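Colleague: Numbering (this note's numbering), first residue to last: 40 to 233.
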Amino acid sequence: MATLFIGRGGGTREPVEAVQRSLDSFQRMRKGRGVPTAVIDADGAALNALRAAGLRVTAPRRAVLAWLVEHPHSTVGAIGAAVRETLGTVSTQAVYDVLGVCTAAGLLRRIEPAGHPARYERRVGDNHHHVVCRSCGRTDDVDCAVGDAPCLEPADYRGFAVDEAEVVFWGLCPDCETEGRRRDDSRRLEEIRQ
Ligand SMILES: [Zn+2]
Ligand SMILES: [Zn+2]
Ligand SMILES: [Zn+2]
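1. For a test of your reading of the model: does the CB of E205 fall under 7 Å from any non-hydrogen atom of ligand 2? Yes or no.
2. Give the single residue among D165, S174, G145 whose Cα lies nearest to the Cα of A153.
3. Between G127, W106, L126, which has its C-alpha nearest G117's C-alpha?
4. If we count the other Cβ atoms within 10 Å of its Cβ and call it buried at 16 or more, is Y159 buried or exposed?
5. Would you check if there are 3 or more beta carbon pairs closer than 8 Å linking the segment 161-175 to the segment 185-203?
6. Taking a cut-off of 5 Å, which residues have a beta-carbon closer than that to any heavy atom of ligand 1, in chain order?
7. Please report the distance separating the alpha-carbon of R161 from that of S113.
8. Helix, strand or coil: which one does DSSP assign to E151?
9. Using the Cβ count rule (16 or more neighbours within 10 Å means buried), how would you classify V96?
10. What's the gap between the Cα of Y196 and the Cα of A184?
11. Tell me the residue span of the beta strand (DSSP E) that contains G210.
12. So, for V108: in the same chain, excluding its five sequence neighbours on each side, which residues have a beta-carbon less than 7 Å away from its beta-carbon?
13. For my contact list, L228 and G219 are in at a C-beta cut-off of 8 Å; report their separation, rounded to the angstrom.
14. Exposed or buried, what is P238 when buried is set at 16 or more other beta-carbons lying within 10 Å of its beta-carbon?
15. Provide the residue(s) that pair with V35 in DSSP beta bridges, ordered along the chain.
16. Could you give the first and the last residue of the continuous beta strand (DSSP E) run that contains R158?
17. May I ask you to report which of helix, strand or coil DSSP gives V234?
18. Locate the alpha helix (DSSP H) running through L104, then write down its first and last residues.
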């Protein structure tokens, strides 16, 4: 079972009050004026997803799932920071626990681009791929042209019952490409001046 640490340093003093505080802040977020409808819808969807998966509904689970709707392909660090902003103190271990439980239940997909931290997304159940920036790690969805896994056919399956081909497109995102060009330009300028 996931262990949930709420409160300063994960202390166990007044845990009920801490949980209540978290719930209060969550309810405030839902009722608060100026909260975009999308946030409320994402929270409702998170609640339904947890119930449909037969998982216990907890404030951190709701917050993680709701936040990921608008912020796909987020790292544990970014997810943790967002959840803490909503709920107050939530330990990184608690965030890992939420991500582990929700991934195992099929509510989240975990992407692990080689050499980059893992990222999580709510878009599950299809065979979409990712394009990853070598420089900053930005990760975007790329629809699978074929649709069904495995979308690549090897010349020889070697007798394996293959069910997946891991396809990752690597390159530079528009920002890093622009930045790289600017650096090249200034280097050339520097050379001309010398
Ligand atoms: Zn980049
Ligand atoms: Zn994706
Ligand atoms: Zn594909």
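From the three backbone atoms N, C-alpha and C, an ideal C-beta is built for every residue, glycine too. Just so we're clear, the structure is a prediction, and the values are computed from it rather than from any experiment.
Modeller: Straight from the coordinates:
1. no
2. From the listed residues D165, S174, G145, the smallest Cα separation to A153 is found for S174.
3. Here the sequence assigns Ala to residue 117, which means Gly is not the residue at that position. When only C-alpha atoms are compared, the closest one is W106.
4. buried
5. The segment 161-175 and the segment 185-203 touch, with no fewer than 3 CB-CB distances between them shorter than 8 Å.
6. C172, S174, C175, R177, C212, C215
7. 10 Å
8. coil
9. exposed
10. 21 Å
11. 207-210
12. A81, A84, R161
13. Not really, about 15 Å apart at Cβ, beyond 8 Å.
14. No statement about residue 238 is possible, as the shown extent of the chain runs from 40 to 233 and does not include it.
15. With the chain covering only 40 through 233, there is no way to say anything about residue 35.
16. 158-160
17. Nothing about residue 234 can be read from this structure; the chain reaches only from 40 to 233.
18. 98-109
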